[in-house]
Amino acid sequence: DAGITQSPRHKVTETGTPVTLRCHQTENHRYMYWYRQDPGHGLRLIHYSYGVKDTDKGEVSDGYSVSRSKTEDFLLTLESATSSQTSVYFCAISKTGLDEQFFGPGTRLTVL
Amino acid sequence: TQLLEQSPQFLSIQEGENLTVYCNSSSVFSSLQWYRQEPGEGPVLLVTVVTGGEVKKLKRLTFQFGDARKDSSLHITAAQPGDTGLYLCAGEAAGNKLTFGGGTRVLVKP
Numbered sequence: 240d241a242g243i244t245q246s247p248r249h250k251v252t253e254t255g256t257p258v259t260l261r262c263h264q265t266e267n268h269r270y271m272y273w274y275r276q277d278p279g280h281g282l283r284l285i286h287y288s289y290g291v292k293d294t295d296k297g298e299v300s301d302g303y304s305v306s307r308s309k310t311e312d313f314l315l316t317l318e319s320a321t322s323s324q325t326s327v328y329f330c331a332i333s334k335t336g337l338d339e340q341f342f343g344p345g346t347r348l349t350v351l
Numbered sequence: 005t006q007l008l009e010q011s012p013q014f015l016s017i018q019e020g021e022n023l024t025v026y027c028n029s030s031s032v033f034s035s036l037q038w039y040r041q042e043p044g045e046g047p048v049l050l051v052t053v054v055t056g057g058e059v060k061k062l063k064r065l066t067f068q069f070g071d072a073r074k075d076s077s078l079h080i081t082a083a084q085p086g087d088t089g090l091y092l093c094a095g096e097a098a099g100n101k102l103t104f105g106g107g108t109r110v111l112v113k114p
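In order, the protein sequences belong to chains A and B. Residue numbers for the first sequence follow our numbering, beginning at 240 and rising by one. Residue numbers for the second sequence follow our numbering, beginning at 5 and rising by one.
Right under this line is the structure:
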């Protein structure tokens, strides 16, 4: 299995609070991605990174920011959580960006 | 925006039956990937199809890429309870990223 972990695995928070999710990889892959998964929507890309300090927006980036200060870590921040951000969040990594993506175990976030 | 539509959204069958899942788009993709996701886990790659008309087999699973590279199908023969899961197709999008279909949830009852 690809070495990719997410923390926390579960989180319950209140509307308006900041939340940071962490993705850590040991594969030294260049590309890292954050997705959210909601019923009926498959996986939707939030943000992705193509190198240290190089990030770009995905299709559902509003309300989210990311940072990648080193190859192995990719952080997703919800500056002020809303109930619409209740979801399961997956991190993924890829060598080239067009090859297989390896996914982490997911983080279930509930915003009350 | 390149969209991938999967059908059906949900499929419930008895063990031993066959099933087919479809992934369609109006856009041409240079390749398509199929993933399976089990409850509580992240998706795992099953196969990548690259050439129009290509057929790939993975045990009881048969994947086909349309001649025009706009659609793909997954056929499972003699389904087993272990085939239960969410099947996702994904195609390349600009910027070295993937766009995913909405998924087909398959339930195989013993």
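Note that CB positions come from ideal geometry on N, CA and C, so glycine has one too. Note that the structure is predicted; figures quoted are calculated from it, not measured.
message = In this structure, how does DSSP classify B:S31 when only helix, strand and coil are distinguished?
response = Three-state DSSP puts B:S31 in coil, outside helix and strand.
inquiry  = Rounded to the nearest angstrom, what separates B:L78 and A:T256 at their Cα positions?
reply    = 43 Å
key: Local Cβ density within 10 Å of B:K101, reported as buried at 16 or more and exposed below that   = buried
task = Compare the C-alpha of A:S288 against each of A:G279, A:W273 and A:E298 and name the closest.
result = A:W273
query = Can you round the beta-carbon distance between A:L351 and A:T254 to whole angstroms, since I take them to be within the 8 Å contact cut?
reply = 7 Å
ask   = In its own chain, which residues sit with a C-beta less than 7 Å from the C-beta of A:H268, not counting the 5 before and 5 after it?
value = I332, S333 and K334
request  = Identify, in the order they occur along the chain, each residue of the same chain with its Cβ nearer than 7 Å to the Cβ of A:T244, setting aside the five sequence neighbours on each side.
outcome  = H263 and G343
task = Spell out whether any CB of chain B is found under 7 Å from the CB atom of A:G281.
result = A:G281 counts as touching chain B.
inquiry  = Excluding the 5 residues flanking B:K60 on each side, which residues of the same chain have their C-beta closer than 7 Å to its C-beta?
reply    = V51, V53 and F67
ask   = Three-state secondary structure (DSSP) at A:S323?
value = helix
message = Applying the 10 Å Cβ sphere with the 16-neighbour rule, what's the burial state of B:P85?
response = exposed
Reference B:K63; option with closest CA among B:Q13, B:E42 and B:A83 = Minimum Cα distance to B:K63 is reached at B:A83.
request  = Would you kindly work out how many angstroms separate the C-alpha atoms of B:G46 and A:D277, rounded to a whole number?
outcome  = Roughly 13 Å separates the two Cα atoms.
query = For A:V327, which residues from the same chain have a beta carbon less than 6 Å from its beta carbon, with the 5 sequence-adjacent residues on both sides left out?
reply = Q276, G345 and R347
query = Quick one: Cα of A:V251 to Cα of A:C330, how far?
reply = 19 Å
ask   = What residue from A:Q340, A:V299, A:E311 and A:T321 has the CA that sits closest to A:H286's CA?
value = A:V299
task = Can you grab the Cα-Cα spacing for the pair B:I17 / B:D87, in whole Å?
result = 11 Å
task = Could you tell me the distance, in whole angstroms, from the CA atom of B:K74 to the CA atom of B:L49?
result = 20 Å
Straight-line gap, B:G106 to B:E9 (C-alpha atoms, nearest Å) = 6 Å
query = Between the beta-carbon of B:G123 and the beta-carbon of B:R40, is there less than 7 Å?
reply = No answer is possible for residue 123 of chain B: it lies beyond the span of chain B, which begins at 5 and ends at 114.
task = Within the same chain, show all residues whose beta-carbon is closer than 8 Å to that of A:S308, passing over the 5 residues directly before and after it, in chain order.
result = V291 and K292
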